[in-house]
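Chains as they are written, first to last, in our numbering: chain A, 1 to 383; chain B, 384 to 602. C-beta: ideal position from N, C-alpha, C; glycine also. Computed from a predicted model, the values in this text were never measured in an experiment. Notes for the one structure printed next.
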Amino acid sequence: MQLWTQIVCEIGFRKLNAFFSLLGLTLAVIIVVASQLIAESDERETRRVTRDMGFNLRLIPAETDLGQFYRDGFSQFAMDVTTLDRLATQLTNNVSFNHLVGSLRRGYTVNGQSVLLVGLSKTYVAPGQGKKPMGFVIKTNTIHIGSEISRFHGKNKGDTMQVGMQKFKVSNDPIETGTSDDITIFARLEDVQSILGLTGKINEIEAIDCLCLTADEDPLTILRKEIGDILPDVQVVHKQKLADARAKQRQTREKVNAVVLPSVLLASAVWVALLAVFNVRDRRQEIGVLRALGKSGWCIAGLFLGKAVLLGFVAAVFGVVFGMWTVLEFGPSLFPVTKKAIQINHLLVFQLLFATPFFAAFSSFIPAMLAVSHDPAETLRED
Amino acid sequence: MIRCEEITKTFCKNGSKVLSLDRFTMDIRDGEFIAVRGPSGSGKTTLLLTLGGMQRPSGGRVQFDEHDLYALTAKERASLRSRRVGFVFQMFHLVPYLDLLSNVLLASPIKPGKGERKRASELLEKFGLSNRIDHRPDELSAGERQRLAVARALLNRPKILLADEPTGNLDPDNAAVVIDHFVQFHQSGGTVVLVTHGTAADDFANRTIRLDQGRLSED
């Protein structure tokens, strides 16, 4: 008799035991699938939301007086644009910052209105990460203007506006933000350098720190060391509130993952093991007679471990299907910002289809060994 | 065929030692039909399991053909059992989730092929069960179940049948049918050791032994 045929027949005969084993394993797989996909979505959502909150690292010339910097919103000193290039060449997956944008910021007067003039470089992203640049891209001969500037000059999207000696096309619909952006003109770095007569200069590099920094490390110390090793002539200013918000969200997720997943796996393993013990008890006479018929210990163990493997595989299929369905069905309402990125994780499916049968067999190992070591004579003598 | 030398078997039960076999010595020759009698607890089942390599004695030696049975490894003993010994039990010990054919084929020491299937079908036919081949044991009467157990024991053409009260749960008619199958096996050259309370085998057994408190009291 084929081992698998015998296992299938036994499952059909003791349906309840098999059903509860399958249920325990399937629930575990569903929770693993859902928690993994939710963790991925959550991280994506966190990155996107915090990215949209803006840069949280500001690198300014070392000689800057912070009192002046916070009062005016920019450093009165400047640094060479090659500083940005030097930092950009060090962007790898091994550093704790990313999304570098060089800027030149100065107070400026346009037709009698005091504004903040900001020139932005292109964004530098660590290679191979495929990340989209943060913020907005400013095209040649265009500017973004704040709502107050729009109101003062009567300029809107598509209008032409003169700044210094140059004319630019307004490329945005100015919206009131309640921040200094309302009195800011954003232009390409080269244009602002030209207007201000500061060719080749910047006075700030903005960046965002990595979500990889863990709770037990001091992020600012790490960032200052990493950046200081590359650029000893800059000060690093960290927007703590943004960093705290990101850290809190990350820590919450890590705590949930650290508690929920191991608990689910442990509960499932105990559940499967208990059902396997009941199964061994139910089958003591069968084990005895199989021994009397000359079946080896491996054959007996194979009946129990094979059953676990088969149930594990079926549970993996059910669990993956239900888990994916749950995430695809309910994920978009939980993660509206990144809902388009929620999709089937094929690697996870592949891993679970292999890991679940192994996990089930591992959980049933001790009961299977009990079956093998059980003295058949004891059962057969009970007649 | 089988030689038992001074076999002793003790069990621990509720903290105290129970002597089940006490320096039991006996020879079983090829082709014998031996009826084993004795009161409950006299060690009959223990003897049977020990003869079949299922229960290691606490002392003594069992010689099975050329083998010192308990000097063999568990795997070697299992292999010997599957090829030369057939067991029949009072409670049948059929596998409840397998059909009749599969129950018989369970005794096959190798993956059952055409030959084994044919042999199993022939046995089921011989035992009057060929029309129930797809049924499961719980759909059979007690007599049919025991016939099925005997068919399973005979699949591998064993040299010896060890039967523990095989008629204990059967009415006289069914008991006679089962005993008849043992007689046929014996007449074809097989050896039978039959543990029994009843007298159904008396007319056919060519040797009767009696156990009392683990000792051979009559041969």
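A:T5 lies in the alpha helix (DSSP H); which residues open and close that run?
Within the first sequence, numbered from 1, the residue matching residue 5 of chain A stands at position 5. A:T5 -> alpha helix (DSSP H) spans 3-13.
Give the single residue among A:G12, A:A78, A:S114 whose Cα lies nearest to the Cα of A:S103.
As a first step, residue 103 of chain A is located in the first sequence; it is residue number 103 there, counting from the start. Of A:G12, A:A78, A:S114, the residue nearest in Cα terms is A:A78.
Proximal residues to B:N557 (C-beta, below 6 Å), its chain only, five neighbours per side dropped
Counted from its first residue, the second sequence places residue 557 of chain B at position 174. Only G526 meet the Cβ criterion.
Our contact map puts B:P463 next to B:F475 with C-beta atoms below 8 Å; I'd like the distance itself, whole angstroms only.
On the second sequence, residue 463 of chain B is found 80 positions in, with the first residue counted as 1. On the second sequence, residue 475 of chain B is found 92 positions in, with the first residue counted as 1. One detail in the question is off: residue 463 of chain B reads as Leu in this sequence, not Pro. About 23 Å separates the two Cβ atoms, so there is no contact after all.
With hydrogens ignored, establish whether the beta-carbon of A:S363 is closer than 8 Å to any heavy atom of the ligand NAD.
For the ligand NAD, the structure offers nothing, since it holds no ligand at all.
Quick check: what's the CA-CA separation for A:V264 versus A:I31?
On the first sequence, residue 264 of chain A is found 264 positions in, with the first residue counted as 1. On the first sequence, residue 31 of chain A is found 31 positions in, with the first residue counted as 1. Looking at the backbone, the Cα of A:V264 and that of A:I31 are separated by about 8 Å.
Determine contact between the region 391-408 of chain B and the region 305-316 of chain A, defined as no fewer than three beta-carbon pairs at a distance below 8 Å.
With a cut-off of 8 Å, the region 305-316 of chain A and the region 391-408 of chain B do not count as touching, because too few Cβ pairs lie within range.
Report back the beta-carbon spacing between A:A360 and A:L25 to the nearest angstrom; my notes put them in contact at under 8 Å.
Position 360 of the first sequence, counted from the start, is the residue given in the question as residue 360 of chain A. Position 25 of the first sequence, counted from the start, is the residue given in the question as residue 25 of chain A. Contact annotation, A:A360 with A:L25: C-beta distance approximately 6 Å; criterion of less than 8 Å satisfied.
Buried or exposed (CB count within 10 angstroms, at least 16 for buried), B:P520:
Along the second sequence, read from residue 1 onward, the residue named residue 520 of chain B stands at position 137. Under this definition B:P520 is a buried residue.
What beta strand (DSSP E) runs, 3 residues minimum, are completely inside the region 506-552 of chain B?
Unbroken beta strand (DSSP E) stretches of 3 residues or longer found wholly inside the region 506-552 of chain B: 543-547, given in chain order.
Cβ neighbours of A:Y108 in the same chain (closer than 7 Å, five flanking residues each side left out)
As a first step, residue 108 of chain A is located in the first sequence; it is residue number 108 there, counting from the start. So the list reads V115, L117, once near-sequence residues are dropped.
Determine contact between the region 430-449 of chain B and the region 487-502 of chain B, defined as no fewer than three beta-carbon pairs at a distance below 8 Å.
No, because fewer than three Cβ pairs between the region 430-449 of chain B and the region 487-502 of chain B fall closer than 8 Å, the two stretches do not touch.
Contacts of A:F19 in chain B (Cβ-Cβ under 9 Å):
Residue numbering aside, residue 19 of chain A sits at position 19 when the first sequence is read from its first letter. Residues of chain B passing the Cβ test: none, with the nearest at roughly 15 Å.
Are the Cβ atoms of B:I436 and B:Y453 separated by less than 9 Å?
Position 53 of the second sequence, counted from the start, is the residue given in the question as residue 436 of chain B. Position 70 of the second sequence, counted from the start, is the residue given in the question as residue 453 of chain B. As written in the sequence, residue 436 of chain B is Gly, which differs from the Ile given in the question. Judged by their CB atoms, B:G436 and B:Y453 are nearer to each other than the 9 Å cut-off.
How would you label B:L430, buried or exposed, when you count the other beta carbons within 10 angstroms and need 16 or more for buried?
In the second sequence, the residue the question calls residue 430 of chain B occupies position 47. With 16 or more other Cβ atoms within 10 Å, it is buried.
Show which residues of chain B have a CB atom less than 8 Å away from the CB atom of A:A308.
For the purposes of this step, residue 308 of chain A is taken as the residue at position 308 of the first sequence. Correct list: empty, because the minimum Cβ distance to chain B is about 17 Å.
Any idea if A:A273 is buried or exposed, counting beta-carbon neighbours within 10 angstroms, 16 or more meaning buried?
Counting from 1 along the first sequence, the entry for residue 273 of chain A is found at position 273. The C-beta of A:A273 has 16 or more other C-beta atoms within 10 Å across all chains shown, which makes the residue buried.
Which of helix, strand or coil DSSP assigns to B:I592:
In the second sequence, the residue the question calls residue 592 of chain B occupies position 209. Residue state, collapsed to three classes: strand.
Would you kindly report the start and end of the unbroken beta strand (DSSP E) that includes B:A418?
Within the second sequence, the letter at position 35 stands for residue 418 of chain B. Counting along the chain, the beta strand (DSSP E) containing B:A418 begins and ends at 416-420.
Residues of the region 435-451 of chain B with Cβ closer than 8 Å to any Cβ of chain A, in chain order
Identification of residues in the region 435-451 of chain B having a C-beta nearer than 8 Å to some C-beta of chain A yields G435, M437, Q438, given in sequence order.
How would you write the range of the beta strand (DSSP E) that A:H238 sits in, first residue to last?
Numbered from its first residue, the first sequence carries residue 238 of chain A at position 238. That run of the beta strand (DSSP E) goes 234-238.
Considering just the uninterrupted stretch of the alpha helix (DSSP H) at B:S465, what are its terminal residues?
Working through the second sequence from its first residue, we reach residue 465 of chain B at position 82. Residues 457-467.
Report the residue from A:I7, A:D229, A:P262 whose alpha carbon sits nearest the alpha carbon of A:Q90.
Here residue 90 of chain A corresponds to residue number 90 of the first sequence, with the count starting at 1. Closest in C-alpha terms to A:Q90, from the list A:I7, A:D229, A:P262, comes A:D229.
Along chain B, in chain order, which residues have C-beta atoms closer than 7 Å to that of A:A377?
Taking the first residue of the first sequence as 1, we reach residue 377 of chain A at position 377. Close partners of A:A377 in chain B (Cβ separation under 7 Å): L432, M437, Q438.
So for A:G73, helix, strand or coil by DSSP?
One-based indexing of the first sequence puts residue 73 of chain A at position 73. A:G73 falls in the coil class under three-state DSSP.
Are there 16 or more other CB atoms within 10 angstroms of the CB of B:K392, so buried, or fewer, so exposed?
Looking up residue 392 of chain B in the second sequence gives position 9. With a 10 Å radius around the Cβ and a threshold of 16 neighbouring Cβ atoms, B:K392 comes out buried.
CA-to-CA distance, A:K248 to A:N56, given in whole angstroms:
Position 56 of the first sequence, counting from 1, holds the residue named residue 56 of chain A. Position 248 of the first sequence, counting from 1, holds the residue named residue 248 of chain A. When rounded, the distance between both Cα atoms is 15 Å.
Does B:V401 come out as helix, strand or coil in the three-state DSSP assignment?
The residue given as residue 401 of chain B occupies position 18 in the second sequence. In the structure shown, B:V401 falls within a strand segment according to DSSP collapsed to helix, strand and coil.
Could you tell me whether any Cβ in chain A is nearer than 9 Å to the Cβ of B:S462?
Here residue 462 of chain B is taken as the residue at index 79 of the second sequence, counted from 1. Chain A contact via Cβ: present.
Can you pull the chain B residues whose beta carbon is under 7 Å from the beta carbon of A:S296, in chain order?
The sequence position of residue 296 of chain A within the first sequence is 296, counting from 1. Chain B residues near A:S296: K458, A461.
Would you say the region 408-422 of chain B touches the region 592-602 of chain B, given that touching needs at least three Cβ pairs under 8 Å?
Touching, per the Cβ criterion.
Between B:M384 and B:I543, how many whole angstroms is the CB-CB distance? I'm expecting something under 8 Å.
Start at 1 with the first residue of the second sequence, and residue 384 of chain B comes out as number 1. Start at 1 with the first residue of the second sequence, and residue 543 of chain B comes out as number 160. Right, the Cβ-Cβ distance comes to about 7 Å (below 8 Å), so this counts as a contact.
With 16 other Cβ atoms within 10 Å as the buried cut-off, status of B:R467:
Translated into the one-based positions of the second sequence, residue 467 of chain B becomes position 84. B:R467 comes out buried.
My understanding is that A:I143 touches A:F186, with C-beta atoms under 8 Å, so please give their C-beta distance in whole angstroms.
The residue labelled residue 143 of chain A in the question sits at position 143 within the first sequence. The residue labelled residue 186 of chain A in the question sits at position 186 within the first sequence. Sure, about 6 Å apart at Cβ, within 8 Å.
Which value, in whole angstroms, describes the spacing of the CA atoms of B:A457 and B:V561?
Position 74 of the second sequence, counted from the first residue, corresponds to residue 457 of chain B. Position 178 of the second sequence, counted from the first residue, corresponds to residue 561 of chain B. So the two alpha carbons sit approximately 31 Å from each other.
With A:F350 as the anchor, note down where its alpha helix (DSSP H) starts and where it stops.
In the first sequence, the residue the question calls residue 350 of chain A occupies position 350. It spans 346-363 - the alpha helix (DSSP H) in which A:F350 sits, taken as one unbroken run.
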